[in-house]
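To start, the structure under review is shown below, and the notes come after it.
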């Protein structure tokens, strides 16, 4: 996820302003807590209870993708909390960047979605230590302009490689989402078991897709601008791309039920090993974002689910249905869950994706 990355749902104007200052710290911030995050997640509606208790929002620093964040932290950048997605947690932990979470200080830890918590080597390790608090989850799915493309033409993910759409396609500049698409397209639902031959097939598919790509999007503001401006008509994008495009008055639809399905990711928060700030405030922040009331904003305005099952249960059923969360089990058999990948395979994907984007 992430993964949001991966995931903005602010207005386009605000999103552009955020992107322009993505490397900067937010103003009027609490200097006792630094949160290293994706642009947009500094939205005060997510951490209202932190502000109530501490008088100001935390200080935020931003990254564009998780590999960038990993290198920055490893190079000495100091932060208290980080917001990686499922694919990166193992890498960050094995690199010695994290410290275990004290779950006794996290209200609602036991309310976290059992299915998400059961993902192998994600929130906890076999020794019982907790390293990751799942928070937001969503899908990467086929997204299209319904005025330009008929639904009958987007029944399969193979449409991304159809020469008919040359110059009309965008997928994320994100190795995880790219290989999730390719894995699904070749019929693979569990990418942790990808063989060398399947890796070649997936990479070959992405090379075909590359021929059609007009632009690789970097965040939701980027892909919404591409869709709303008519530059692309077909995208592999997160939930909130559809939500924001519709708000902008563009006839964008998402299709979860293609022949091959879609990909699901989960992101959340980690505590860095050399956190420089106030640890109590770090837990104040985790408790604030994990508050069940936050689910209402996350689902309605962003199109994402909250990992807190109690929070999701409190969302208006009509909104859950509108955003596609009323019958999650319906999609499970056609979903690639972006579980943590073996390090060697992830490195192969990163190297190959760079070649593909360069035209090789």
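In the numbering used here, the protein residues as written are 4 to 363. Glycine residues also receive a C-beta, built at the ideal position from the N, C-alpha and C atoms. Keep in mind it's a predicted model, so treat the numbers as computed, not measured.
Any contact between the stretch 114-132 and the stretch 246-255? By contact I mean 3 or more CB pairs, one from each, below 8 Å. no
Which residues in the same chain as residue 351 place their Cβ atom closer than 7 Å to its Cβ, once the five residues preceding and following it in sequence are excluded? 202
Beta strand (DSSP E) segments (min. 3 residues) lying fully within the stretch 128-164: 136-148
Helix, strand or coil for residue 369? Go by DSSP, reduced to three states. There is no way to answer for residue 369, as the model of the chain reaches only from 4 to 363.
Let me make sure I understand the geometry here. Which of 162, 50, 72 has the alpha-carbon closest to that of residue 40? 72
Where does the unbroken beta strand (DSSP E) through residue 40 begin, and where does it stop? 32-41
Would you say residue 343 and residue 90 are within 8 Å of each other, going by their C-beta atoms? yes
Quick one: what's residue 122 bridged to in DSSP? Looking at the DSSP assignment, residue 122 forms no beta bridge with any residue, so it has no partner.
According to DSSP, simplified to helix, strand and coil, what is residue 354? helix
Which runs of the beta strand (DSSP E), 3 residues or longer, sit entirely within the stretch 176-249? 237-241
If you draw a straight line from the alpha carbon of residue 192 to that of residue 172, how long is it in whole angstroms? 23 Å
The beta strand (DSSP E) that contains residue 271, what's its start and end? 265-275
Taking all protein chains shown into account, do 16 or more other C-beta atoms lie within 10 angstroms of the C-beta of residue 77, making it buried, or fewer, making it exposed? exposed
Evaluate contact between the stretch 52-59 and the stretch 279-295, counting only Cβ atoms and requiring at least three cross-stretch pairs below 8 Å. yes
Do the stretch 236-244 and the stretch 151-171 touch if we need at least three Cβ pairs shorter than 8 Å? yes
Are the stretch 349-363 and the stretch 167-184 in contact at 8 Å, needing three or more beta carbon pairs? yes
What's the gap between the Cα of residue 241 and the Cα of residue 107? 33 Å
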